[in-house]
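Each residue of the sequence shown is one higher than the one before, starting from 1 at the first, in the numbering used here.
Ideal Cβ placement from N, Cα and C applies to all residues, glycine included.
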Amino acid sequence: MPLALFALTLSAFAIGTTEFVIVGLIPTMAADLGVSLPSAGLLVSLYALGVAVGAPVLTALTGKWKRKTVLLTVMALFVMGNVLAWQAPGYNTLVLARILTGLAHGVFFSIGSTIATGLVSKEKEASAIAIMFTGLTVALVTGVPLGTYVGQAFGWQTTFLIVAILGLIALIGSFFLVPSNLKQPPATKLSAQMKVLTEPRLLLVFAITALGYGGTFTAFTYLAPILQEVTGFADSAIGIIMLVYGVSVAAGNIWGGKLADKKGPVSALTVIFIGLAATLLVFNFTASNPILAVLTILVWGAFAFGNVPGLQVYVVNLAEKYSPNSVDVASGMNIAAFNVGIALGSWGGGHIVANPEMGLMHTPWVGAVVVLVALGLTRWSGYLDNREPRTECVAQA
């Protein structure tokens with residue numbers, strides 16, 4: 001595999017780390033910035049919103065640019081965003097920094113797969129994409145817990161500085177290693193991307209994605225304060241618990257993919273959403289016990305990210321049937337739907353925490369209810385899948 005591919009992998013690692021590391025640092029940042037927990041949680045929502053906007057809009061606007069130019073521009077924006085977060089004098093500047101890095105994230109993963117496949121021969125394309133996305137997985141397993149530890153030990157600003165340095169190394173590596181003559185895919189117009197949003201069956205899957213993922217983030221965004229205030233863990237333990245969560249996420253991703261291959265996406269998502277909702281409900285009762293809380297989080301991580309492969313496979317399957325000329329666009333829009341779910345889930349969780357009649361421990365059960373809505377939509381979509389062939393037969397008769 002070419003060295004340029006590892007520059008992409010390092011980029012994915014840095015981007016994955018900066019997205020999720022803030023979850024473990026929310027109590028620390030809230031105290032240091034003098035803002036409430038919901039305000040700190042909004043930094044998760046705004047980042048995700050930046051991803052959701054950046055993926056379709058900026059990718060379309062830069063469609064005629066050379067792929068290497070887009071990559072270098074995006075990574076420069078990512079580095080600038082994290083430097084700004086490192087030097088942020090207050091909360092408002094940090095909000096701007098998170099939006100900038102979110103925009104960079106959205107474009108990077110929109111073009112990353114195209115660049116990765118352009119670096120290798122046809123028979124190695126799938127492996128190239130897998131290697132690049134390994135950076136994201138490793139970020140969840142190691143980058144997030146290490147970043148959490150560094151932020152608590154040396155100040156949250158240090159975490160953003162280290163991520164900026166990693167991004168700069170990836171930028172320099174891409175500048176020297178990524179060739180300038182990469183194959184240029186046809187530019188995707190924004191109008192073509194918006195056309196995907198007119199197909200009801202795809203809209204249904206995007207809603208399943210947003211709700212199924214968003215339900216997790218209603219509670220996950222406030223996991224660190226729950227562990228500190230309810231479970232009784234010290235600040236120093238949060239990084240270790242995030243490591244446990246990251247390992248379970250990696251395992252759940254693989255398991256979810258195999259389950260979707262074996263049972264089909266609808267059946268796999270049914271199992272995963274039931275498990276996820278049940279785990280979130282159980283966490284309401286186990287959060288007060290340190291051992292049971294960690295065990296629940298271990299299961300939670302597997303279910304929370306186990307739905308990703310099934311959701312991506314399902315949207316591709318339906319796009320091939322209902323919008324065959326926009327399969328890649330539909331897949332990209334589903335990535336945006338994941339981040340819309342994160343944004344809405346974090347935002348909703350913040351309102352729950354801020355409500356004097358509710359509070360932190362209402363986020364898990366509300367998240368479970370949101371996931372159950374996703375489960376209902378999944379079963380409805382499966383019903384439509386099974387019903388349509390019979391409808392066609394009746395029409396032909």
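Pair within 9 angstroms by beta-carbon distance, residue i and residue j
i, j, result
"Asn289", "Met361", "no"
"Ile26", "Pro225", "yes"
"Asp32", "Gly155", "yes"
"Ser236", "Ala153", "yes"
"Gly167", "Phe78", "yes"
"Gly350", "Leu3", "no"
"Gly341", "Thr137", "no"
"Leu72", "Leu8", "no"
"Gly81", "Leu146", "no"
"Phe20", "Val144", "yes"
"Asn307", "Gly212", "yes"
"Ile335", "Ala12", "no"
"Leu223", "Leu318", "no"
"Ser248", "Ile297", "yes"
"Gly301", "Ala139", "no"
"Leu182", "Lys262", "no"
"Leu217", "Ile131", "The residue you asked about is not Leu; residue 217 is Phe in the sequence shown. Not in contact: Phe217 and Ile131 (Cβ atoms no closer than 9 angstroms)."
"Val398", "Leu119", "Since the first residue of the chain shown is 1 and the last is 397, residue 398 is not available in this structure."
"Gly382", "Thr286", "no"
"Leu103", "Val53", "yes"
"Glu123", "Ala116", "no"
"Ala250", "Val313", "no"
"Ala14", "Val163", "yes"
"Gly173", "Leu46", "no"
"Val44", "Ser326", "no"
"Gly83", "Phe160", "Before going on, a small fix: residue 83 reads as Val here, not Gly. The answer is yes: Cβ separation under 9 angstroms."
Residue i classed as buried or exposed, judged by whether at least 16 other C-beta atoms fall within 10 angstroms
i, result
"Lys68", "buried"
"Ala397", "At Ala397, the pLDDT of 36 sits below 50, so the modelled position is not reliable and the matter cannot be decided from this model."
"Arg98", "buried"
"Thr391", "Low local confidence applies: a pLDDT of 42 at Thr391 is under 50, so the model's placement there is unreliable, with the coordinate-based value given in what follows. Answer is exposed; the Cβ neighbour count stays below 16."
"Phe133", "buried"
"Val394", "Low confidence applies here, because Val394 scores a pLDDT of 37, under 50, leaving its location unreliable; read the following figure in that light. Exposed."
"Glu357", "exposed"
"Val51", "buried"
"Gly252", "buried"
"Met194", "exposed"
"Pro309", "buried"
"Gly34", "exposed"
"Thr101", "buried"
"Trp380", "exposed"
"Pro265", "buried"
"Met29", "buried"
"Pro200", "exposed"
"Phe176", "exposed"
"Lys258", "exposed"
Of the listed residues the options, nearest to residue i (C-alpha basis)
i, options, result
"Ala48", "Gly106, Tyr149, Leu311", "Gly106"
"Phe206", "Ala337, Ile15, Ala52, Tyr383", "Ala337"
"Val366", "Ala219, Leu269, Lys66", "Ala219"
"Leu292", "Thr231, Gly306, Ile272", "Thr231"
"Thr221", "Gly348, Leu5, Thr73, Pro56", "Gly348"
"Ser323", "Ser113, Leu197, Gly90", "Leu197"
"Gly90", "Arg201, Phe20, Ala40", "Ala40"
"Trp255", "Tyr383, Met29, Leu223, Ala304", "Ala304"
"Gly315", "Ala330, Leu103, Lys66", "The residue asked about is misnamed: residue 315 is Val in this sequence, not Gly. For Val315, the nearest C-alpha among the options comes from Ala330."
"Val371", "Gly214, Asp261, Val244", "Gly214"
"Leu281", "Gln157, Val369, Leu243, Gly382", "Val369"
"Met242", "Gly16, Val53, Thr59, Thr142", "Thr142"
"Leu311", "Val299, Asn355, Leu377, Gly359", "Leu377"
"Gly112", "Asn386, Gly332, Val163, Ala287", "Gly332"
"Met75", "Gln87, Trp86, Gly63, Phe109", "Phe109"
"Gln157", "Lys124, Leu42, Trp86", "Trp86"
"Leu276", "Leu42, Val353, Leu375, Lys321", "Leu375"
"Tyr245", "Leu227, Val353, Ser191", "Leu227"
"Leu61", "Glu229, Ser191, Pro364", "Ser191"
"Val373", "Glu320, Gly63, Arg387, Leu204", "Leu204"
"Thr114", "Thr59, Thr148, Ile165, Ala278", "Thr59"
Residue i Cβ short of 8 angstroms to the ligand NAP heavy atom set
i, result
"Gln87", "Because no ligand of any kind appears in the structure shown, any question about the ligand NAP cannot be addressed here."
Exercise. Entirely within the region 70-121 and at least 4 residues each: give me those alpha helix (DSSP H) ranges in chain order.
Key: Counting only runs that start and end inside the region 70-121, the alpha helix (DSSP H) elements of at least 4 residues fall at 91-118.
Exercise. Go through the region 179-261 residue by residue and report every complete run of the alpha helix (DSSP H) that reaches 4 residues or more, in order.
Key: If only complete runs of 4 or more residues are kept, the region 179-261 shows the alpha helix (DSSP H) at 190-196, 200-220, 223-226, in order along the chain.
Quiz prompt | Start-end ranges of the alpha helix (DSSP H) lying completely within the region 115-166, minimum 4 residues | solution = Within the region 115-166, the complete alpha helix (DSSP H) runs of at least 4 residues are 125-138, 144-154.
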